[in-house]
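Numbering (our numbering), first residue to last: 1 to 94.
Just so it is clear, CB atoms sit at the ideal spot from N, CA and C, and this is done for glycine as well.
For clarity, every value in this text was computed on a predicted model and none was experimentally measured.
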Ligand code: SF4
């Protein structure tokens, strides 16, 4: 199961993301090329565009279910709500 806090920083915010378990097998990029692409230097995939149509949503879900190492998550919106990328500064105790 993908872990939101372990996602690659290139993932655009939103529902789907790729975490650091990716083994660069190419399946997601083949399945949903409008949403997944490759970091050439790092050798892994990330979500460069969240799905904007029902068809893209289906393909992203298919990619997630087909990922051999379960590196794709679809809980990005919920996880971001409870685990913001930039924590708010805490008030200083006087
Ligand atoms: S299907 Fe999974 S392991 Fe394969 S490239 Fe995509 S995220 Fe990485």
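Suppose you measure from the CA of residue i to the CA of residue j; what does that come to, to the nearest Å?
{"i": "residue 29", "j": "residue 64", "result": "11 Å"}
{"i": "residue 34", "j": "residue 62", "result": "13 Å"}
{"i": "residue 20", "j": "residue 44", "result": "8 Å"}
{"i": "residue 41", "j": "residue 24", "result": "12 Å"}
{"i": "residue 51", "j": "residue 82", "result": "22 Å"}
{"i": "residue 36", "j": "residue 26", "result": "9 Å"}
From what residue to what residue does the beta strand (DSSP E) around residue i run?
{"i": "residue 69", "result": "Per DSSP, residue 69 belongs to no beta strand (DSSP E) and is neither H nor E."}
{"i": "residue 107", "result": "This structure does not reach residue 107, given that the chain is present from 1 up to 94, and the question cannot be answered."}
Relative to the C-alpha of residue i, which residue among the options is closest?
{"i": "residue 12", "options": "59, 39, 47, 3", "result": "47"}
Roughly how far, in whole angstroms, is the beta-carbon of residue i from the beta-carbon of residue j, given that I think they are within contact range, below 8 Å?
{"i": "residue 73", "j": "residue 16", "result": "7 Å"}
Three or more C-beta pairs below 8 Å linking the region 53-60 and the region 76-85: no
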